[in-house]
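The sequence shown begins at -9 in the working numbering and counts up one residue at a time.
From the three backbone atoms N, C-alpha and C, an ideal C-beta is built for every residue, glycine too.
First the structure, in the form of structure tokens, and then the observations on it.
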Amino acid sequence: MDMQEQEVERPRRKTDTSNAEARQAIADTVSRFPAWRSDLAQYAVIAERRFSTAERQRMLDRCEVIMREVQEARVALVMGLMDAPRMVAGHSRVSDVEKALDGVEASVNALRRRLRDS
């Protein structure tokens, strides 16, 4: 056997693509976070000062939209991972995004309470 035959006989290595697949699965959801966080941060500052009834309603309306978008993102994430291998569906990037969605929901709920109590 010469060198070429020995190289051909070697089994191919399996490459772990779970990181790339997880990144792809969460990309759409991750792209939404900056807008949500920006609006929530801006509204948190506004909620610390006096605001009009119209401002309150505008902020509450946006909170409703954000909550709906978060729920849609969560469903899309689960649906997108339904047939994914365990290495992808259970990837730490996916769980980090799920925790971040929980954080956005908590921020919205805290802001709503503050706006309704004012």
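Nearest candidate by alpha-carbon position, reference residue i, set the options
i, options, result
"P75", "E45, D6 and I36", "D6"
Distance, residue j Cα to residue i Cα
i, j, result
"V87", "I56", "16 Å"
"L105", "N99", "10 Å"
"V94", "C53", "10 Å"
"D51", "A17", "26 Å"
"E38", "L71", "40 Å"
"S42", "D107", "14 Å"
"A25", "R2", "44 Å"
"S97", "Q61", "14 Å"
Residues near residue i in its chain [Cβ-Cβ closer than 6 Å; skip 5 each side]
i, result
"R64", "L91"
"L67", "T19"
"Y33", "M49 and L101"
Whether residue i touches residue j by CB criterion (8 Å)
i, j, result
"E45", "R22", "no"
"M69", "S8", "no"
Sequence-distant residues of its chain with Cβ nearer than 7 Å to residue i (five each side left out)
i, result
"R103", "none"
Counting Cβ pairs closer than 8 Å, one from the stretch 11 to 31 and one from the stretch 74 to 87, do we hit at least three?
The stretch 11 to 31 is in contact with the stretch 74 to 87.
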